[in-house]
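Residue numbers (my numbering): -12 to 217.
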């Protein structure tokens, strides 16, 4: 049993409302697309058959028109030869050919209307089909996103994952504690080394200043000795 009972149902349908109200929107969208594609093939097949039949009838109409012209020419010929009996027969055949031409022409008109309607229906149906495909694509994307979110949340709620994360957190805290202890040792050692180097630098400065003082005093003593000697 199809979703649509006739072509008009498809063209006049509100696809978004139908799909949104469905229990399984993605499934109903897929079914609608399939039925539309099948209908599209049927309409195109019927249109092709009508076009072929119209061409055949057009050839017949031309043939009947040609026959009518021929019988008219024969009627004229018969009259020119004083054969009214033959002229009447030719005119009767002409009328029959013209009548058949009119019948065929009416059939061609009916087929023209059918082909024009099929063309309009195909255009509307293609628009509806594109709309349904776009809706189905959007539903698939939303479904994939939703399934991905559900999977992620399921994984995050998994007790094994939570236990692993808890163990990792505990291990991380232990490493932080060990690093803190190492830093505390380094901090104490750093202060001792700094004080020792500061002491060395201070002693060196004192020694430099002492050497300079001795040099000045030695220089003054030499000057005094040289003056006394003079």
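Think of the CB as a built atom: it goes at the ideal place given N, C-alpha and C, for glycine as much as any other residue.
- In the assembly as shown, residue 132 is an exposed residue. Its beta-carbon has fewer than 16 other beta-carbons within 10 Å.
- For residue 67, the number of other beta carbons within 10 angstroms of its own is below 16, and it is reported as exposed.
- By the beta-carbon neighbour count (other beta carbons within 10 angstroms, threshold 16), residue 98 is buried.
- Here DSSP, grouped into helix, strand and coil, assigns residue 70 to coil.
- Between residue 119 and residue 16, the beta carbon gap of about 6 Å places them in contact (Cβ cut-off 8 Å).
- In this structure residue 18 does not touch residue 95 by the C-beta definition: roughly 39 Å separates them, more than the 8 Å allowed.
- Of the residues assessed, residue 110 falls on the exposed side of the cut-off, its CB having fewer than 16 other CB atoms within 10 angstroms.
- Taking 8 Å as the cut-off, the beta carbon of residue 13 is found closer than this to the beta carbon of residue 123.
- Here residue 74 is near residue 62, since their CB atoms are less than 8 Å apart.
- In this structure, the beta-carbon distance from residue 116 to residue 20 falls below 8 Å.
- The Cβ neighbour count for residue 199, taken over all protein chains shown within 10 Å, is under 16; the residue is labelled exposed.
- Residue 55 and residue 88 do touch by the CB rule: their CB atoms are close to 7 Å apart, below 8 Å.
- Here residue 81 is buried, its C-beta having at least 16 other C-beta atoms within 10 Å.
- Here the alpha carbon of residue 135 sits roughly 31 Å from the alpha carbon of residue 158.
- The beta carbon of residue 130 lies closer than 8 Å to those of 13 in the same chain, with the five residues before and after it left out.
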